[in-house]
Amino acid sequence: MTQSLPSPVEQARRPRRLWWLIAAIASVIAVAVIAAVVIIGQRPWLATNVTIPLSYVGDDGKTYSCTYDYRTSDRAPMPSAVADNMNARDWSQTGQLMYEWAKTHPAESWTTQDELPADDPQSTRADATWALAMDEYIEFPAWTVDTAQGTEYELWWEVRDGSTCIDGLR
């Protein structure tokens, strides 16, 4: 039983094939990593349109502050005129107004189903009261967007880490 040795041409082809295979795999991995970084870093499907900073001085003399980011998706974006209007507003006194209102309108006095009840296990009385004050003082102009699924409206808000507005109501 004799084995024939590969010819010099075949020996030369194997390293080139292996190199091309390695280069192709590395390219696919690089493209996937770059795409993941771009998608995770930019969250293109959810963009911050409006940022609202609020602050107030509580009855205890401490200053409480919070910042809210309002977002819409690329599928149903906020019209730029709405975002410009909300971002241009002077919010400097709104936090104090909300605090004063919240003290006289605690969440447990609200009974409609649209508000967050004070006894909701996901919320405390202070959370619910502050949420009601936000509904009272932060109103966006109405808008809808025509999408493939019909006329839609989307708006999410998120409080930034380190915000203390709710703490002054506890």
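In short: position in the sequence shown from 1, add 1, done, that's my numbering.
All residues carry an ideal CB built from backbone N, CA and C; glycine is no exception.
The model shown is predicted, which means the values in this text are computed figures rather than measured ones.
In this structure, THR49 sits away from ARG76, with a CB-CB distance that is not shorter than 8 angstroms. SER28 has no beta-bridge partner at all, per DSSP. Closest in alpha carbon position to GLY169, among THR152, ALA25, THR148 and ASP128, is ASP128. The C-beta separation of THR145 from TYR65 comes to about 35 angstroms, leaving the pair out of contact by the 8 angstroms criterion. For the set TYR57, ASP85 and ASN86, the Cα lying nearest the Cα of ALA103 is the one of TYR57.
Sixteen is the threshold: when 16 or more other Cβ atoms of the shown chains lie within 10 Å of the Cβ of ILE53, as they do, the residue is buried. Annotated three-state conformation of GLU101 is helix, per DSSP.
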